[in-house]
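Peer 1: Got a structure here, written out as structure tokens. Questions coming.
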Amino acid sequence: YIDFFWGFHWKEYFMKKKAFTLVELLVVIAIIGMLVGLLLPAVQQAREAARQMQCSNNLKQLGLASLNYESQVKSFPSAGWMGGWAGDADRGFGKHQPGGWTFSLLPFLEQNALFQSTSNNNRSTPAKAEITRANQTPLPVFHCPSRRTPKLYQATNSPTKNCNSASELAKGDYASNFGETDAVNTSGCPGSYADADSNKGFTTQNYNGVMLSTSEITLGEIRDGTSNTYLVGEKFRRPEVYETSCCCDDSGVFCGADPDNSRGTKLAPLQDRNGINARQQFGSPHAGALGFVFCDGSVQRISYSIDLEAHQHLGNRADGEVVSYQ
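This is the structure we're talking about:
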């Protein structure tokens, strides 16, 4: 009887202990919540570090493509004519190409099929439908993954001079270096294919950057040294308009010279934020610094607090200034 009695009660005791009490359950939940709270910032930081690395890799690809272009064409790509124009393969390279530097680099980014899709084998008459279709082809290499994904975005200033208007276009997050300026002025560009073929409308652009409207800048013209001159950098955007259309981000990634794809260094770079009317400077969504690829193909992180004069000198290809930016 005694063995049975104690055996029964021990069994009952252990059976009762198998279940969690409400207090124990709440304690476990609280501990898990604390662990998640501690780990989540680290996970987010790791993800942002990966996105920043991908952004730098995009810049590296753009730099190498530009150098391969220069090796073949003997100059850096033109930034195109103006925002109203888009890329047309039949116009070739250099100052006769109305589309932006982004379009000219396509064959050097393993996107020759997209480049050639705009051709109708007619240098004088554009294939408007095909050019429009190319303008609506987003590519990951032109997007900072910390900002937005490669898809179509609203466009309120679509190119129409050699293509059809579109309410949505592929966009980009990188801009060519126009030099020490706060405004990308595209006066002095041809008004038509016929004008360009007659060499009308081309005037000297008073900018000291590298990829300018109708420019054909050679390596030899970068007298400050390729490792001391910006080529392409991240462009500033306000987060509130990432998904919509606003000035300087409304004409698409393949349009001609325009603040959509070209920026100057007169103004200091900024980290993306709302509430300011900043349009034509460089900037990015990354904390602390933004990325630039230099004319030698190297990618550098440039602090937002860089001395403004140093930033301006890095935008000028031939001012004779030696700049420290580390």
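Quick note: the sequence shown, position 325, residue 338 per our numbering, numbers continuous. Backbone N, C-alpha and C define an ideal beta-carbon position, used for all residues, glycine too. Quick caveat: nothing in here was measured; it's all calculated off a predicted structure.
1) What are the boundary residues of the alpha helix (DSSP H) that includes Arg60?
2) How would you write the range of the alpha helix (DSSP H) that Arg146 sits in, first residue to last?
3) Can you round the beta-carbon distance between Arg276 and Phe307 to whole angstroms, since I take them to be within the 8 Å contact cut?
4) Please classify Gly301 as buried or exposed, where buried requires at least 16 other C-beta atoms within 10 Å of its C-beta.
5) Look up Ala183 in the DSSP assignment and say whether it is helix, strand or coil.
6) Which residues in the same chain have their Cβ closer than 8 Å to the Cβ of Glu181, if we skip the five residues on either side of it in sequence?
7) Do the stretch 134-152 and the stretch 70-78 meet, that is, are 3 or more Cβ pairs less than 8 Å apart?
8) State the Cα-Cα distance for the pair Leu327 and Ser178, rounded to the nearest angstrom.
9) Between the alpha carbons of Phe18 and Thr34, how many angstroms are there, rounded?
10) Taking the straight line between their C-alpha atoms, what separation do you get for Ser264 and Ile144?
11) Let's see if you can read the secondary structure: which residues bound the alpha helix (DSSP H) around Ser117?
12) For His324 versus Ala281, is the C-beta distance shorter than 9 Å?
13) Verify whether the separation of the beta carbon atoms of Gly112 and Ala99 is less than 9 Å.
14) Secondary structure at Lys108, three-state DSSP: helix, strand or coil?
15) Tell me, please, which residues DSSP counts as bridged to Phe305.
16) Determine, using beta carbons only, whether Asn219 comes closer than 9 Å to chain C.
Peer 2: Let me spell this out:
1) Leu35 to Val86
2) Lys141 to Asn148
3) Actually they do not touch by this definition, with Cβ atoms about 15 Å apart.
4) Looking at its Cβ environment, which holds fewer than 16 other Cβ atoms inside 10 Å, Gly301 is exposed.
5) strand
6) Gln149, Leu165, Tyr166, Gln167 and Ala168
7) They do not touch, by the three-pair rule.
8) Computed Cα separation, rounded: 37 Å.
9) With a pLDDT of only 47 at Phe18, under the threshold of 50, the placement of this residue in the model should not be trusted; the figure read from the coordinates follows. Between Phe18 and Thr34, the C-alpha separation is close to 26 Å.
10) The straight-line gap from Cα to Cα measures roughly 14 Å.
11) That run of the alpha helix (DSSP H) goes Trp114 to Ser117.
12) Note that the C-beta distance between His324 and Ala281 is below 9 Å.
13) yes
14) helix
15) Gly246 and Gln313
16) Looking at the structure shown, chain C is missing, and only one protein chain is on hand.
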